[in-house]
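Letter 214 of the sequence shown, counting from 1, is numbered 213 in numbering that gives the first Met the number 0, and no numbers are missing. C-beta: ideal position from N, C-alpha, C; glycine also. Since we're looking at a predicted model, the values are computed, not measured. Remarks on the structure that follows.
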Amino acid sequence: MKSYQYYDKIAHLYDQMYEDLLWKTLRKAVEFYIEETLKNKNFKTVLDVGTGTGYWINFFLKKGYEIAAVEPSKNMIDIAKRKFKEEVEFFNMEIEEFPEFKKFDVINIQGDVLSYVQELENVVKKLNRLLVEKGVIFATVDSFYFMRKLVKKYGTYFELEKFDKNHVTTVGSQYGQFESRCFSIEDIKRLEEFGFKVLEIRGCGISENFDEEIENSKIKVKEAEHIYFSLEKR
């Protein structure tokens, strides 16, 4: 199944799945990284890709940004619409289908969305076209290093060999499974080939303690379940 079909099935559970302290700390840390990057920039518009039930809509709305939100899961976006009504322009589609009617200052693409897209290169090129010059992307993705440990522990030798080659594995739960592309530091740096400069790379989901999360985010990237990074359009 496609990832958004999976999220259609768990939409009613999604918000409560992220109520534990580790996830709250992760999100608080990512908010801090974003705020630090944006504090000296006069940006006004945000494209929130994979908006889900609207967590990041709320974050950017509170800071006064104009937001367009893209989400292919109908059940997820319906929840976001109920929360934010007329405050946001919603698009119930995959990012590949999103019309290029304007450019944005910021593209926010949290929740491992770049891990789940079918054609990464085409999507990254499109994100570049949707950004203003010097615009920025904030993203989190599944970690190659963390996932490799799981594939090695629970998979076969053939599955590990295949994962080492293409960095793709299967994720999900009893509600279904779908493929995830897991990123290494080198994979993220290669995104510079598409007209970006990497601003920072951090591990996230390292600690339930906020200060420890921030302190270790750069030195323990390879130990974290997810990787946060930011890019600037050149």
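Asked: Three-state class that DSSP yields for R233 in the structure shown; Found: coil
Asked: Beta-ladder partner(s) of I78, from DSSP; Found: Per DSSP, none; premise fails for I78.
Asked: Cβ shell of Y5 (< 7 Å), same chain only, five flanking positions each side left out; Found: G171, Y174, G175, F177
Asked: Whole-angstrom distance between V135 and V45, CA atom to CA atom; Found: 10 Å
Asked: Spatial distance of G63 from K1 (CA atoms); Found: 33 Å
Asked: Rounded C-alpha distance that separates Y54 from V123; Found: 23 Å
Asked: Beta-carbon spacing of S229, F137 below 9 Å; Found: yes
Asked: Sheet register partners of H225 (DSSP bridge); Found: D141, C203
Asked: Buried versus exposed call for T169 [16 or more other C-beta atoms within 10 Å across all chains shown]; Found: exposed
Asked: Neighbour-count burial assignment, H11, 16 or more Cβ in a 10 Å radius; Found: exposed
Asked: Three-state class that DSSP yields for T44 in the structure shown; Found: strand
Asked: Backbone secondary structure at I9 - three-state DSSP; Found: helix
Asked: Where D163 falls: helix, strand or coil (DSSP); Found: helix
Asked: Check whether A223 and F103 have beta carbons under 9 Å apart; Found: no
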